[in-house]
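What follows is a set of notes on a single structure, which appears directly below.
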Amino acid sequence: MSSPRSATCSAPLVIIAFLMLFFSAESISASGSERSEIRFIRHLVEQQFWGDAIHAIAEFEHEYRHDLSRWPDLQDSLHFMAGWSAYNRMMLPDAIGRFQRIGETHPGYLQAAFYTFYLRTYQAGIQSDREHLMAATGELASAEFSREVHAELQSFQLAGMHLLLRDFTGFESHSEHFTGSFFAMAEEQQRFLHYALELQQADRKSPFAAALMSAVVPGSGKIYAGRRGAGISSFLQVAVFGGIFAESLTRAGAGHPRTWAAGSALGLFYVSNIWGSAIAVRITQEEIYEEIDQRILFDLHIPLRTVFR
Amino acid sequence: MICIFPCVLYSADSQWYTSTSGSGLLVDSGVCANGELPMYSSLPADEGSTTDTMSHVEKKRPGNKVFDRWIALMDAREYRAASVEAERVFFYTGERIIRMQALLARTWALKHLGEFDQAFENLRRASPRALPPELQYRIHHERTLLMYLREDWEGVLAESARLGHLVQNPDWRLLSGYLPVLALMELERWEEAGAEMQAYLDKLGMPASLSASPPDRLNSRKAALLSTFIPGSGQMYAGETGEGLGSLGLQLAALGWGVYNVYTGYYVTALFTGGGLFQAFYFGGIERAEYHAVERNRTESGKYKREVTAWFLELIEPSLKQKRQTLPDLPFLH
Chain A
1 MSSPRSATCS
11 APLVIIAFLM
21 LFFSAESISA
31 SGSERSEIRF
41 IRHLVEQQFW
51 GDAIHAIAEF
61 EHEYRHDLSR
71 WPDLQDSLHF
81 MAGWSAYNRM
91 MLPDAIGRFQ
101 RIGETHPGYL
111 QAAFYTFYLR
121 TYQAGIQSDR
131 EHLMAATGEL
141 ASAEFSREVH
151 AELQSFQLAG
161 MHLLLRDFTG
171 FESHSEHFTG
181 SFFAMAEEQQ
191 RFLHYALELQ
201 QADRKSPFAA
211 ALMSAVVPGS
221 GKIYAGRRGA
231 GISSFLQVAV
241 FGGIFAESLT
251 RAGAGHPRTW
261 AAGSALGLFY
271 VSNIWGSAIA
281 VRITQEEIYE
291 EIDQRILFDL
301 HIPLRTVFR
Chain B
1001 MICIFPCVLY
1011 SADSQWYTST
1021 SGSGLLVDSG
1031 VCANGELPMY
1041 SSLPADEGST
1051 TDTMSHVEKK
1061 RPGNKVFDRW
1071 IALMDAREYR
1081 AASVEAERVF
1091 FYTGERIIRM
1101 QALLARTWAL
1111 KHLGEFDQAF
1121 ENLRRASPRA
1131 LPPELQYRIH
1141 HERTLLMYLR
1151 EDWEGVLAES
1161 ARLGHLVQNP
1171 DWRLLSGYLP
1181 VLALMELERW
1191 EEAGAEMQAY
1201 LDKLGMPASL
1211 SASPPDRLNS
1221 RKAALLSTFI
1231 PGSGQMYAGE
1241 TGEGLGSLGL
1251 QLAALGWGVY
1261 NVYTGYYVTA
1271 LFTGGGLFQA
1281 FYFGGIERAE
1291 YHAVERNRTE
1301 SGKYKREVTA
1311 WFLELIEPSL
1321 KQKRQTLPDL
1331 PFLH
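Top to bottom, those sequences are chains A and B.
Each residue of the first sequence is one higher than the last, beginning at 1 in my numbering.
Each residue of the second sequence is one higher than the last, beginning at 1001 in my numbering.
Printed below as a string of structure tokens:
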């Protein structure tokens, strides 16, 4: 996963600003040694010592397990920091679990909600898990945002989700809200529109048509599928064996074993060229889907980092 | 991790923490046997230090036993918790020397977690300036060792040179002197490695010398050229006699089939079957010859590296043990 890892580069600024907000003296009801320990945990997160931060938070939660319920803000902040650390350690289920436990009143709630959506999308997206993708869609779709940038980010995220689902109607229903006026996601919105076109074009290619084309002109079906090199190679193979067969037929006659052998080889190459062309359409489609899915997931991630900086 | 003997390097500096009561751990970590810090406690804290000297950790652990918990965690092999604890000491303590020790302590914990990059980055926060010489030495040594573990061989050479300039005690320099030898071995700079090794053994007062000679390197280009002009000979030169003979046989058979078809008037068949197969075997043979030469060089170099490094480390280990005793209260390696 290239995108979450790349987030670590800009993480210090994000984290320092965010945690300053979370751990202002007013936001924490704890006092004394607890407060000191929280300062220490904040230090771990600021330093990007993610593994240590996760451990220290777990230790703290264990030590003060009987008191934490009295400090809901602190609990939320701990969830946020643990989630952020887990996200940076690529422990995605842990990150999702933590982000989901953050209360709505917490200042990091919105960020956590968007990241939860993205991480769930990412997990389902790389596994092509349609059911989980749709489940993730439902959560964000029902949310309402007061700020325009968040509403546009919501449309953007949902549009990306529908692209992953290959639901072009759903994509259009969200992409029509793209204004292109937010720097954080304007480029990505344009790219999503291109992806939709590419995916629709890839969808239109027919394995049957490819097979038929290769039956008429060997290799042409593979070229139609988008594999020019393989198409030329198939054409040459069939042509060579056709030449050998023709030579054997004219010189040795139809009943000669040499002609039978050449004819069999020609038949084998001809049939496999037709079959291969039909398969090439499917494989090429899969490759295009996979590549575009990766790009969608990457592009979904970038605006999150910018909006919540 | 490709480096040959990380386990040897580990064992070299891990024995200290396995003893709970012995001086090894305590001395090695810069903490005395009772967990106090008398050695440095008389030294003043840095000017301008803003952290409370009666810190959170110190309040929790009276008697200045700031490393007690870290020691216990290392003994229990709970390295993540030990890393957190060391960072806690670093965070809460105002005294610079203790903070530097805490950085070292965290480095050791991270090293045992296999997080060499993090360990190295952690140690970059340490500034050896104006520290007691044994602590300075440890920081330099640990940096060099971590570069080795991160397979930054050139870095090992550069850091070793720095260590040679900055560490005055010749015995301590010797304690780290094996690292550039190992790095040169990894870089396959055999002559330099041999010379460095001999010089190091001489400094240790060991009469032994390396008897094994580096493997002769096969010329991959020569292997390819041989197969170009005499099919199969390149593979034989690279030590693959069977494959060379097989390649020769296949090329002759393909060529023979082509010639036979020309003779019988089947020119198209001759061109595309005999000629086609021959060119495939011919060019494939050239590629295989080159591949085998490269592969053989790699295998032989690896074997030589392993054998020589094992011999070298085994040879110097007893002598290093003695030298480590010269590190006052901080023998890094046992």
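We treat Cβ as the ideally placed atom computed from N, Cα and C, and that holds for glycine.
Following the DSSP letters along the chain, one finds B/Thr1093 in no alpha helix (DSSP H), marked with neither H nor E. In this structure B/Ile1316 touches B/Leu1204 by the C-beta definition: roughly 6 Å separates them, less than 8 Å. For A/Ser220, the uninterrupted alpha helix (DSSP H) run begins and ends at Ser220 to Ala225, by DSSP. For A/Trp71, there is no enclosing alpha helix (DSSP H), as DSSP marks it with neither H nor E. With fewer than 16 other Cβ atoms from the protein chains shown falling within 10 Å of its own Cβ, B/Phe1229 counts as exposed.
Among the residues facing chain A, B/Thr1299 is not included, as its CB has no counterpart in that chain under 7 Å away.
Close partners of A/Glu46 in chain B (Cβ separation under 7 Å) are lacking, with about 11 Å as the shortest Cβ gap. Within its own chain, the residues whose Cβ lies closer than 8 Å to the Cβ of B/Leu1123, once the five positions on either side in sequence are excluded, are Leu1103, Leu1104, Thr1107, Ile1139, Glu1142, Arg1143 and Leu1146, listed in chain order.
Within the stretch 106-179 of chain A, the runs of alpha helix (DSSP H) that reach at least 4 residues and sit entirely inside it are, in chain order, 109-126, 130-141, 148-164 and 168-175.
Annotation: B/Val1308 to B/Ser1209 spans about 11 Å, alpha carbon to alpha carbon. Chain-ordered, the chain A residues with CB closer than 9 Å to the CB of B/Ser1083 read Phe49, Gly51, Asp52 and His55.
Taking all protein chains in view, the Cβ of B/Glu1154 is surrounded by fewer than 16 other Cβ atoms within 10 Å, so the residue is classified as exposed. Within a 10 Å sphere around the beta-carbon of B/Ser1211 sit fewer than 16 other beta-carbons, which makes this residue exposed. Contact with chain A is found for B/Phe1091, since one of that chain's Cβ atoms lies less than 7 Å from the residue's Cβ. The closest CA to that of B/Ala1253, considering only B/Tyr1266, B/Gly1275, B/Leu1073 and B/Tyr1267, is found on B/Gly1275. When secondary structure is reduced to three states using DSSP, B/Asn1261 falls in the helix class. Contact annotation, A/Phe114 with A/Leu153: C-beta distance approximately 7 Å; criterion of less than 8 Å satisfied. By the C-beta density criterion, A/Leu199 is buried, having at least 16 other C-beta atoms within 10 angstroms. In this structure, the CA atom of B/Val1066 is about 23 Å from the CA atom of B/Glu1121. For A/Glu247, the neighbours in chain B by C-beta distance under 7 Å run, in chain order, Tyr1266, Val1268 and Thr1269.
Interface residue (Cβ-Cβ distance to chain A less than 7 Å): B/Arg1143 is not classified as such. In this structure, the alpha-carbon of A/Ile274 lies about 29 Å from that of A/Ala252. Taking 7 Å as the threshold, the shortest C-beta distance from A/His256 to chain B does not fall below it. B/Ala1072 and B/Glu1087 have their C-alpha atoms some 15 Å from each other. If you look at A/Pro303, you'll find it in the alpha helix (DSSP H) that goes Pro257 to Val307. For A/Ile38, not one C-beta of chain B is nearer than 7 Å to its own C-beta. Taking a C-beta distance under 7 Å as the contact criterion, A/Gly243 and B/Val1294 do not qualify as a contact pair. At least one C-beta of chain A is nearer than 7 Å to the C-beta of B/Arg1080. Non-local C-beta neighbours of B/Pro1231 in its own chain, meaning closer than 7 Å and more than five positions away in sequence, comprise Ser1247, Leu1248, Gln1251, Tyr1282 and Gly1285, ordered along the chain.
By the 16-neighbour rule on beta-carbons within 10 angstroms, B/Glu1314 is exposed. Taking the Cα positions, A/Phe171 is about 51 Å away from B/Glu1287. Boundaries cannot be given for A/Glu104, as no alpha helix (DSSP H) includes it and DSSP labels it neither H nor E. The alpha-carbon of A/Val240 is positioned some 11 Å away from that of A/Tyr270.
Under the three-state reduction of DSSP output, A/Gln75 falls in the helix class.
For the alpha helix (DSSP H) assignment, the uninterrupted runs of no fewer than 4 residues enclosed by the stretch 226-256 of chain A are, from N- to C-terminal side, 228-252. For the stretch 213-241 of chain A, the set of residues with a beta-carbon nearer than 9 Å to any beta-carbon of chain B comprises Val240 and Phe241, in chain order.
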